[in-house]
Structure formats: structure tokens, C-alpha cells
Amino acid sequence: MAKNGNDAEIDEGLYSRQLYVLGHDAMKRMQNSNVLISGMRGLGVEIAKNVILGGVKSVTVHDQGVAEWRDLSSQFYLREEDLGKNRAEVSQIRLAELNNYVPVTAYTGALTEDYLTKFQVVVLTTSTLDEQQHLGELCHSKGIKLIIADTRGLFGQLFCDFGEEMIVYDTNGEQPLSAMISMITKDNPGVVTCLDEARHGFESGDYVTFTEIQGMTELNGCQPVEIKVLGNIKIHLPTAFFLSIQKSFSSSMADPEVLMTDFAKFDRPAHLHVGFQAIHAFQKKHSHLPTPWSQADGDEFVALAKELNSSLTGSAKVEELDEALLKKLAYVSAGDLAPINAFIGGLAAQEVMKACTGKFMPITQWLYFDSLECLSEEGDFMLTEEECAPRNCRYDGQIAVFGKNMQETLAKQRYFLVGAGAIGCELMKNFAMIGLAAGEGEVIVTDMDTIEKSNLNRQFLFRPSDVTKMKSDTAAMAVKQMNPSMKITPHQNRVGPDTERVYDDDFFESLDGVTNALDNVDARMYMDRRCVYYRKPLLESGTLGTKGNVQVVIPFLTESYSSSQDPPEKSIPICTLKNFPNAIEHTLQWARDEFEGLFKQPPENSMQYLTLVTDCPHSWADCVAWARNHWQCQYNNNIRQLLHNFPPDQVHTVLTADSGAPFWSGPKRCPHPLEFSTSNELHMDYVVAAANLFAQTYGVQGSTDRAGVIKILQDVKVPVFTPRSGVKIHVSDQELQNSHASVGKMEKMLKLRFSSQFKLCAIDFEKDDDTNFHMDFIVASSNLRAENYDIPPTDRHKSKLIAGKIIPAIATTTAAVVGLVCLELFKIIQGHKKLESYKNGFMNLALPFFGFSEPIAAPKHKVGSCWRTAACLQVVLLPRAAHAACFHSRK
């Protein structure tokens, strides 16, 4: 097993999805970082979980307190039998199971200066204001990066101090802009003209450098130069460097710079900056937080906040405090909600990674968040102290915010969770913590996938010993450990028309709602249609690297998921793939098409194509010969044929001018044929992979003995290129030979085709299994094609990303997104009716950016004299057999 450190090899099998977000360099920097996380209540354990999954050098969890009942509402690694035990020591055992590469230790002593100097990053979650100020100055002076995170009921706070010399190597993680050049003038200054295939996206003031320039080769690899955009230009932007100078905690407290999370609450951060200081002051004065929903404590809290505000100066002082906002902060400050901890914890863990790696922009420097919309829609609504008082149960932290009646309602819910992957695991953890279906209700979770090694980096309910087990079964057992009262039933069904006998009318009628945790649009749209049909609320979410989104769909109130769609992905023209590739993406797509065309489609269509039968191998040597011949056709003979049809010096006639232009110019790279050599590793990679895949197709025993393959190749006769005139035929010489096979040979092969000895198996491409030759073939096939066209090759890691259409993923984004989903769930369960109560959300933790908006209202159409929503009309037009009446008659 690899060890963390400068020379550590990164386990790409484990970290593959995260590597596509952070990159290898950032991962190596993170593997050199020791992180201390102080406070092991719900927020602290959430941060620790995400950081450990990320793969830092080590994590130390610190806490001097013991587990209490109120901790269990969000601390998913504490059990009822752990009450009275040190939170750090109990949590360490379970956190250590998350990642074998990250040592996790517990510390219960004081945070002294000598102790803190062991760490590159320190995170504080349950510290007092005095501790924050003292440790903040200490960390700032010692160059230790500091993150302070706090949650109070429906409110959250985050602060970052990465010092005065923090270097950000990549501000946003996006691929550098590039465009293809058609011409460069030798004027001073020179003018670069780009091809008109697409907008280049460059702006005046950008810095660019050049690669693969022919003629003016002195431009290749030049220092970045500033450009002025006149029209079109290609180019690669250099990696960005940014120097971030941040103030210490005390200095920033007095002169805060705040990142907005919700632009509809533009003025709230200033009030909450004062409010959180008032919480510390109240707790210091009384040795406890304001009593949940106590009018007296709320009044005293507001008076304390006003007194504190009057002593402030500069930007920290608020001209007129929002008393109603501060009272609500006081009412719920003793609460501890898993969804708020998941959101703030995901953000805080991402800031830890930024501090360790210099990857992405840090928060500068404060962030405040609230979800007061989760409370009753009645503005003057007040819960009572009695209803929100502690009951010595695991939900005390949540009852403090919503009361016991809400808790009883949660326990009765019946929800359908579709998917048990990264989002699904986080949802189930939150469901367990909030007590969803912890009584008469039930959570039904379905997922037909099994656990793979690459899942372990972000699907935190799974362990290495769970690999190959069913996701839904394993996840259900894991969350039952977190909350034994939760009723959860795992299924292994794919949602779709073929399972409607399982998920039928009775099933959907019994549900209170549906939550999607899917990884493809088709399944999402199918579930959206089912929810519209049965009038069930749907919670939809997704992630892409550091980006995440949440959409809430409420019957008759909001538009459905399918009401708007993203534009289709840009496809690569067939002519570009077949004859004129100019980028590695083109050769990788060509290689994927090769895989499908050679090892999947022919076996599936074997009854229709006789050429398949005539090519049937009888031995391993036949498979090697086939692979060698196919190599010759694709990388030598077909290229020669293309150059015969379109010679390198051919001139393309331009209709609007007397003279012509070179055919092989612009995006058309002139190819050259390759000559096979057994001493070329890439050539042998192709033959070994292709031969083994061909052998698997026909049930022939394969081999990885390269010496044996070389010996077989000595006797293989390859087809010789002969120019073909007339219309270009897109078949290989070998295929032409097969088409002229004798009738006797055809009859012999047909008999074999229908004999009991004949084996035929279509191969489905699987990107994550490194023993099945799939990616070996793709990488070799693509890079050989790239060599034909003088396109820079790429490594296996990037090839897997592009060819496998992998969605980059990281645990931090998933945790934060699911936190927002469960906040919307609170609103649905309480029956919120106002559109403005719900929030669709989008975030990009790399920038960082957060955007929230009201859902789009459901479109309405007039039918006769009755206004009905589009969802209503959809079901009226497609009535169920047992319920054909209009929805309005069933309200």
C-alpha cells in the first residue's frame, strides 16, 4: 500500500473521480498536509469525514467534551451507548475506517502552541470566541492555515485565514481556453486569426502562449503574452497564479469581508456577524445557550446584540439591527441540524483542501448562511418552550428548532430514494439523523449497482470489504447502525417501464415523496414523469466536480424537472472522426467506436453478418494474427489509402477565387502511416489488448505473454496496401479478402457457427476494471491514431476520463448539496404552500459561488373556464385506469 509523502504513488483506483477534480499535483500537495479538527459534534465529524476521504497526510480529531443526547441528532458516528464517553475517542475509531491511507488519531488535551505547530491546517468547530481570537492570532503568526466553522440551528458561519503568503495555483479548475489558429501575420504587433468553427472565448487582457505552430516555431512554448481581441484567435492560457493576502481572525472580525451565499438576503450577513458574537457573549454570561423558543432569552439576546453593536466601529457595525432576525437566531441557536452541518461541513472541508493544495479560490474571508424558510410560513408563528424542550432522546438537537410534533411527522414519512451512490449515501445518513421513517414510516431505496473500489472515495457508507456487494443492501445496513429506529428497505431494481409492476399505482399512492440520487438524465426524466403522474413531490440534485445543484418539484406549485433541459452535448462530425482528427478527444472517440464495432456490435448482430463467421478464430495464434492484421489496416494501409485519395500536396479548389488552398490545412492534419515494430511498446500494447478482447469474444483462451506473442507474429502475414481507384470504400483489405472467401469455407464456418462448440460473447465496455484489457485497447488505439496525425498523446488517466465519460466527483460537493436537499425536505414535510418558501440552488465550491432562487412556477393553461397547471393537464390527458377523474375533483 502506498504511503503518504512526496514520493507516494497516488492510488488512482481509489481517487480516480477526485483526481479529475483536483489533479495529481494538488493531490500530492494534499498528501503532505497534517490537519487538526477540533470539536467532534455533528459539524466536526462531517468535516473530518470529508477531509479523510480526500486523502490528506493525517487527521487528528480533538475534543475535551463527552457525548450528550443532543449530539446524536447530527453526529453520525456516536451511538446511544457512547453517551458520557469522549467524542473524539469514540469518533476516531469509526473515522479511521474511511481511508486506509490516512492515519486518524484522537487528542483530548489542551491546544497549546507547541502542539499546534505540528499541523499545516487547523479547524475549529466548537470553540469559544476567546479561543478563536487566541488561536487565530497564534496560527496567523506561525503560518498555520486556520478555518473556523460554526452552526447554530438554521444558521451557519465560516471563516478562513490562509495567511499572507497563500498561493493559489488554479483559481477555478476549468480547462484552459484554447482555439485553433488558421493564420499569424508577421506584422508588429502580429495578428492571430482563429478558425471560425466556434467562438474562442478570449478577452482583451488575457495572457496566452502557443503550441504546435509550424513556420513561426519560435512562438511555441513562449512566455505568456497579453492579447487584445480584434476578432478571432488559438491559444492555451497558462496556469493562473494568485497571491491571496488574508487578515488574522481578530483583524477580520473588526473589518469583515463577507462572501454572499444568497443575494436575496443581501443585508443579512452584517446582522449575523453581530449575532454570532452575541451568541458567544450570551453563553459566556449564562454558561448556556438561549433556551429554545424562549421569549425572555430572545429579548435579552437582542439587547445584548445591540449593546455589542454599539461598541463596534467601521464596517463591523450595523446601523440598525434586524431584531426579528436576531430573535430567530436566539430561538434556534441551541439546535443542531444534520442538513446545516452537512452544508457548512462540505464547504469547510473544501476550504481545508484549498489550504492544503492551493487549488481553487479560498473564501475571503467570512461566509454566513441561514435557512429560515424551513420554519413555519406564518410570519408571527411561535413554538413554545415546552414543545421544544429536551427529552433526553437522539433528536433533542432537532426538536429544539422544530418541536416534537414535527419530529413525530418525520417518523411517519414514507419516501422512495432512487440511487444509493454518492448522493444516495449522504441522503441516507441525513435521513437517519433527522429521524425520517424512524416510526411508522419507511424509506425504500433501490440501486442495481454493486460497490467498486472507486466508489469508496466519496460513498462513505462503504468499506473495502464491501467491494462487489450490492450498494442498496450495504448502505441500508450502515445507516441502521447510525439510527436503529429507522425503517429502511433495500431494493435492487432499475427504475423504468420494466419495473412498473413493482413500483405500481399502489406503491406510488402510498408515498409521501421521492428523492432522486441518480447519475443519468434519462432516469431522472422518467422519475419526474412518475412524480407528475402521481402528484408526488420530488427532490432532485446532482454534482459535477465542485459544482452542484438542487431542484425542488412540488405538485401544482413548481415546474417539473423535465420542463427545462440542458442543450445537447456537442458531437464530433463523422468526417472528423474517420479522416480528419485534430485533437486527442477525436482519437479517443474513434477508439471507443472501434471497441464497440469490433467487440460488441458484431457478436450482437452475428446472425446478420457472415463476415463475422468467416473470421472465427480457432486458437490464440489466430487472435494474435487478427490483431496484427487489424493494426496494419487501421494505422498503415487505411492511412496510405487516404493519402492516395488526398495527396499531401493536393490543392483544394476555392470557388470564389482563381487559386486554390492546400487541402491539408486548417483543422485538417495531414497523417502519415505507421510501421509496425515488436520493439515498440505501444504497438505491442495494441496487439496484446486487441487479441485478448477478440479471444474473449469467441471463448478462446487469451494470454499476456509478450514473448509468446512476438514469436507468433513472426509467422503472421499482413495485408499489403494496394491503391483502390474510384469511390473510396470504407472497409479493410482483410474484409475484402473475406468477402471473396470460397463457398466451401463459408459453409464450413456456418456449420461451426451453429455447433455446440461455438462460443460468442458481446463485450460491454467497462472503464474501471484494469484487468479486462478494455482501457488498454482504448489507450493504445487512441494514441496510435494520434501518432498518425501528429496529435500529442495522452495518458491512461485522461483517456479514461474522456473515453469513459466519467463525471468528476468529490465528497465535499456531495455533502453540501445533500444538506440543501434535506433543508427542502423539511419544508415539504411541513406542507409549505408558498413558492417563495422553496429554494433551488446552484454552487461552485471552486470559485466559490452560491446562487439560490425561487423555483419557476408551474405553467397554467385555461381549459374552458378552469385554470389548470401543466402537470394537471398531463394526467388528465393520460388518466390512470382506476383514477381517470380530474385532479381537481380529488383535492
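Residues in the sequence shown are numbered from 8 upward in steps of one, following the numbering used here. Virtual Cβ for every residue (Gly too), placed ideally from N, Cα, C.
Suppose only complete runs of 3+ residues qualify. What are the beta strand (DSSP E) ranges in the segment 795 to 872, listed by chain order?
847 to 851, 856 to 860, 867 to 870, all fully within the segment 795 to 872.
Quick check on DSSP: helix, strand or coil for Ala769?
For the purposes of this step, residue 769 is taken as residue 762 along the sequence shown, with counting starting at 1. DSSP places Ala769 outside both helix and strand once states are collapsed to three, so it counts as coil.
Apply the 10 Å Cβ neighbour rule to Met534 and answer buried if 16 or more other Cβ atoms are within range, or exposed otherwise.
Translated into positions along the sequence shown, residue 534 becomes position 527. Under a 10 Å Cβ-count criterion, Met534 is classified as buried, with 16 or more other Cβ atoms of the shown protein chains found around its own Cβ.
With distances taken Cα to Cα, identify the nearest neighbour of Val425 among Ile451, Leu417, Asn643.
To locate residue 425, count along the sequence shown from 1; it is residue 418. Among Ile451, Leu417, Asn643, the Cα nearest to that of Val425 belongs to Ile451.
Please state whether the Cβ-Cβ distance between Arg792 and Val725 is less than 8 Å.
The residue labelled residue 792 in the question sits at position 785 within the sequence shown. The residue labelled residue 725 in the question sits at position 718 within the sequence shown. With respect to the 8 Å criterion, Arg792 and Val725 are not classified as neighbours on the basis of their beta carbons.
Helix, strand or coil, according to DSSP, for Arg792 in the structure here?
Walking along the sequence shown from the start, residue 792 turns up at place 785. Annotated three-state conformation of Arg792 is helix, per DSSP.
Measuring CA to CA, which of Gly72, Val42, Gly46, Leu50 is closest to Ile59?
What you label residue 59 is simply residue 52 of the sequence shown in a count that begins at 1. Checking every option, the nearest Cα to that of Ile59 belongs to Val42.
Span of the beta strand (DSSP E), counted from its first residue to its last, around His69:
Indexing the sequence shown from 1 puts residue 69 at position 62. According to the DSSP assignment, His69 belongs to the beta strand (DSSP E) that extends over 65 to 69.
Buried or exposed: Arg887, going by 16 or more other Cβ atoms within 10 Å of its Cβ?
Indexing the sequence shown from 1 puts residue 887 at position 880. Any answer about Arg887 is weak, because its pLDDT of 36 lies below 50 and its placement is not dependable; what the coordinates show is given next. Counting Cβ neighbours within 10 Å, Arg887 comes out exposed, since fewer than 16 surround it.
Nearest to Leu903 by CA position, among Thr364, Leu123, Gly150, is which residue?
Residue numbering for the chain in the displayed model covers 8 to 898; residue 903 lies beyond these limits and cannot be assessed.
Can at least three beta-carbon pairs, one atom from the segment 545 to 560 and one from the segment 640 to 657, be found at a separation below 8 Å?
These segments do not touch.
Give me the residue from Phe162, Gly180, His147 with the minimum Cα distance to Leu854.
As a position in the sequence shown, residue 854 is number 847, starting the count at 1. Of the candidates Phe162, Gly180, His147, the one whose C-alpha sits nearest the C-alpha of Leu854 is Gly180.
Excluding five sequence neighbours on each side, which residues of the same chain lie with their C-beta closer than 6 Å to the C-beta of Val265?
By 1-based counting over the sequence shown, the position of residue 265 is 258. Cβ neighbours of Val265 beyond the five flanking positions: Pro276, Trp373.
Can you tell which of Ala312, Cys768, Leu79, Pro562 has the C-alpha that lies nearest to the C-alpha of Gly838?
Along the sequence shown, one-based indexing puts residue 838 at 831. Closest in alpha carbon position to Gly838, among Ala312, Cys768, Leu79, Pro562, is Pro562.
Provide the residue(s) that pair with Ala341 in DSSP beta bridges, ordered along the chain.
Here the question's residue 341 lines up with position 334 in the sequence shown. DSSP, once it has assigned bridges, lists no residue as partnering Ala341.
Alpha carbon to alpha carbon, what distance is there between Ile785 and Asp513?
Numbered from its first residue, the sequence shown carries residue 513 at position 506. Numbered from its first residue, the sequence shown carries residue 785 at position 778. When rounded, the distance between both Cα atoms is 47 Å.
Please classify Gly62: does DSSP put it in a helix, a strand, or coil?
Here residue 62 corresponds to residue number 55 of the sequence shown, with the count starting at 1. Under the three-state reduction of DSSP, Gly62 is assigned to coil, being neither helix nor strand.
In the DSSP output, what is Ile495 paired with across the bridge?
By 1-based counting over the sequence shown, the position of residue 495 is 488. According to DSSP, which records beta bridges pairwise, Ile495 is partnered with Val450.
C-beta contact flag for Leu545 and Val521 at 8 Å
Translated into positions along the sequence shown, residue 545 becomes position 538. Translated into positions along the sequence shown, residue 521 becomes position 514. A distance below 8 Å separates the beta carbons of Leu545 and Val521.
Spatial neighbours of Val3 within its chain, please: C-beta separation below 8 Å, excluding the five flanking residues on both sides.
Since the displayed the chain opens at 8 and closes at 898, residue 3 lies outside it and no answer follows.
Give every residue of the same chain whose Cβ lies closer than 8 Å to the Cβ of Glu104, excluding the five residues on either side of it in the sequence, and list them in chain order.
Counting from 1 along the sequence shown, the entry for residue 104 is found at position 97. Excluding sequence neighbours, Glu104 sits near Arg470.
Who does Thr522 pair with in a DSSP beta bridge?
Numbered from its first residue, the sequence shown carries residue 522 at position 515. Paired residues: Leu424, Leu546.
Nearest to Val109 by alpha carbon, out of Lys334, Val66, Met850, Ser806?
Counting from 1 along the sequence shown, the entry for residue 109 is found at position 102. The residue with the shortest Cα to Cα distance from Val109 is Val66.
Among Gln99, Arg86, Asn106, Val73, which one has its Cα closest to the Cα of Gly61?
By 1-based counting over the sequence shown, the position of residue 61 is 54. Nearest option by C-alpha distance: Asn106.
Can you name, in chain order, every residue of its own chain whose Cβ lies under 6 Å from the Cβ of Ala271, other than the five neighbours on each side?
Your numbering for residue 271 matches position 264 in the sequence shown. Excluding residues within five positions, none has a Cβ falling inside 6 Å.
Sequence-distant residues of the same chain with beta carbon closer than 8 Å to Leu131, five excluded per side
Along the sequence shown, read from residue 1 onward, the residue named residue 131 stands at position 124. So the list reads Ser45, Gly46, Glu138, Gln139, Leu142, Leu153, Ile154, Ile155, Ala156, once near-sequence residues are dropped.
Straight-line CA distance for Asp177 to Val560?
Translated into positions along the sequence shown, residue 177 becomes position 170. Translated into positions along the sequence shown, residue 560 becomes position 553. About 36 Å.
Note down the Cα distance separating Gly549 from Leu279, rounded to an integer number of angstroms.
In the sequence shown, counting from the first residue as 1, residue 549 sits at position 542. In the sequence shown, counting from the first residue as 1, residue 279 sits at position 272. When rounded, the distance between both Cα atoms is 30 Å.
Kindly give me the distance between the Cβ atoms of Lys64 and Asn39, rounded to whole angstroms, as I take these residues to be in contact under 8 Å.
Start at 1 with the first residue of the sequence shown, and residue 64 comes out as number 57. Start at 1 with the first residue of the sequence shown, and residue 39 comes out as number 32. Their Cβ separation, rounded to whole angstroms, is 6 Å, which keeps Lys64 and Asn39 in contact under 8 Å.
Would you decide whether Gln230 is buried or exposed? Buried here means 16 or more other CB atoms lie within 10 Å of its CB.
Numbered from 1 along the sequence shown, position 223 holds the residue referred to as residue 230. Counting Cβ neighbours within 10 Å, Gln230 comes out exposed, since fewer than 16 surround it.
Exposed or buried, Ser479, counting other C-beta atoms within 10 Å across all chains shown (16 or more means buried)?
The residue you call residue 479 lines up with position 472 of the sequence shown. Counting Cβ neighbours within 10 Å, Ser479 comes out buried, since at least 16 surround it.
Starting from the Cα of Asn589, find the closest Cα among Ser710, Ser672, Leu161, Gly20 and give me that residue.
For the purposes of this step, residue 589 is taken as the residue at position 582 of the sequence shown. Considering only alpha carbons, the answer is Ser672.
Buried or exposed: where does Asp274 fall if 16 or more other Cβ atoms within 10 Å of its Cβ makes it buried?
As a working note, residue 274 is residue 267 in the sequence shown. Label assigned to Asp274: exposed.
Once DSSP output is grouped into helix, strand and coil, what is the label at Gly555?
Within the sequence shown, the letter at position 548 stands for residue 555. Strand.
DSSP state of Asp777, grouped into three classes?
Locating residue 777 in the sequence shown gives position 770, where the first residue counts as 1. Asp777: coil per DSSP, three-state reduction.
Euclidean distance between Cα positions of Ile770 and Val175
Counting from 1 along the sequence shown, the entry for residue 770 is found at position 763. Counting from 1 along the sequence shown, the entry for residue 175 is found at position 168. When rounded, the distance between both Cα atoms is 44 Å.
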